[in-house]
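Scroll down for the structure; my scribbles are underneath it.
In our numbering, the protein residues as written are 1062 to 1233.
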């Protein structure tokens, strides 16, 4: 599910206006040598919930196939957007949330629901000398918490009875 989340976030960020190749894994600290704007992603541990729900039943000529959901999996991803100016960040964040899909199918064909939970704005406090603000670098960021909810499924195959014979006894 991490690969699905990474692809979804990358496609959404590109559609919202982030330059190509700027979606990266989280770095240890905010490095000045890394290009801005960029989006750093961090995967938090997945949570599994045992469900056992029946999802679908289909029949072929020879068998019946039941698809069951064994677990519901919830993956939380922190997506931290770093930028140099406030206007670009506001435009990008609005477009990022607007472009975020409601879900999609993963590599196994199971539907994964995508949801933006919250966003936190971050900015360091100003360095002031009297009333004047000393601003060496302008750095702003916004941290999105995204949730990807998918499932682990299994198929149960059951052979159908193709022919049967009824032997009726007539009593006299």
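Backbone N, C-alpha and C define an ideal beta-carbon position, used for all residues, glycine too.
Which of helix, strand or coil DSSP assigns to residue i
i            : result
residue 1156 : helix
residue 1097 : coil
residue 1124 : strand
residue 1116 : strand
Element boundaries [beta strand (DSSP E), containing residue i]
i            : result
residue 1217 : 1201-1220
residue 1086 : 1084-1086
residue 1166 : 1164-1166
Assumed close pair residue i, residue j - CB separation to whole angstroms, cut-off 8 Å
i            : j            : result
residue 1160 : residue 1066 : Their Cβ separation, rounded to whole angstroms, is 15 Å, which puts residue 1160 and residue 1066 out of contact at 8 Å.
residue 1182 : residue 1074 : About 18 Å separates the two Cβ atoms, so there is no contact after all.
residue 1144 : residue 1114 : Incorrect: roughly 42 Å between the Cβ atoms, too far for contact.
residue 1133 : residue 1110 : 5 Å
residue 1105 : residue 1213 : Not really, about 18 Å apart at Cβ, beyond 8 Å.
residue 1153 : residue 1078 : 5 Å
residue 1203 : residue 1150 : 6 Å
Cβ neighbours of residue i in the same chain (closer than 7 Å, five flanking residues each side left out)
i            : result
residue 1206 : 1137, 1139, 1178 and 1179
residue 1167 : 1062, 1065, 1173 and 1211
residue 1072 : none
Which residues DSSP lists as bridging residue i, in chain order
i            : result
residue 1109 : 1134
residue 1183 : 1202
Extent of the continuous alpha helix (DSSP H) to which residue i belongs
i            : result
residue 1070 : 1063-1077
Close-in-space but distant-in-sequence residues of the same chain around residue i (CB under 6 Å, 5 per side omitted)
i            : result
residue 1108 : 1135
residue 1147 : 1201
residue 1116 : 1128 and 1130
residue 1215 : 1129 and 1131
Neighbourhood of residue i by C-beta, 8 Å cutoff - its chain only, sequence neighbours within 5 removed
i            : result
residue 1118 : 1125, 1126, 1127 and 1128
residue 1070 : 1084, 1100, 1102, 1138, 1140 and 1207
residue 1087 : 1101, 1102, 1103, 1139 and 1141
residue 1123 : 1220, 1221 and 1223
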